[in-house]
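To start, the structure under review is shown below, and the notes come after it.
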Amino acid sequence: MAITGFDGGAVALATEPTLTGARIPVERISRELVTRCLRQVERGRDDDPGLLLPTELLRGGSA
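Under my numbering, the first residue of the sequence shown carries the number 1128, and numbering increases by one thereafter.
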């Protein structure tokens, strides 16, 4: 069985083995969301495609 975590919190480091997980760029996602919302308010419908952002693999021993 393989178990993974998310965002590398303290619990991930406290387990044995440490959890493998993924980290996402929350601040960048938040900025992009606000920018797109404001653009929609100003211009109406926003047809911009979705945004792909890199994630970071946090290697642990669980997977």
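Cβ coordinates follow ideal geometry from the N, Cα and C atoms, glycine included.
Can you tell me whether DSSP reads R1170 as helix, strand or coil?
The answer is helix: DSSP assigns R1170 an H, G or I state.
Where DSSP assigns a beta bridge to T1131, which residues make up the other side?
T1147, per the DSSP bridge assignment.
In the structure shown, what three-state DSSP assignment does L1160 receive?
Helix, per DSSP.
Classify L1140 as helix, strand or coil using the three-state DSSP reduction.
Of the three classes helix, strand and coil, the one that applies to L1140 here is helix, per DSSP.
For E1183, which residues does DSSP report across the bridge?
Its beta-bridge partners are R1150.
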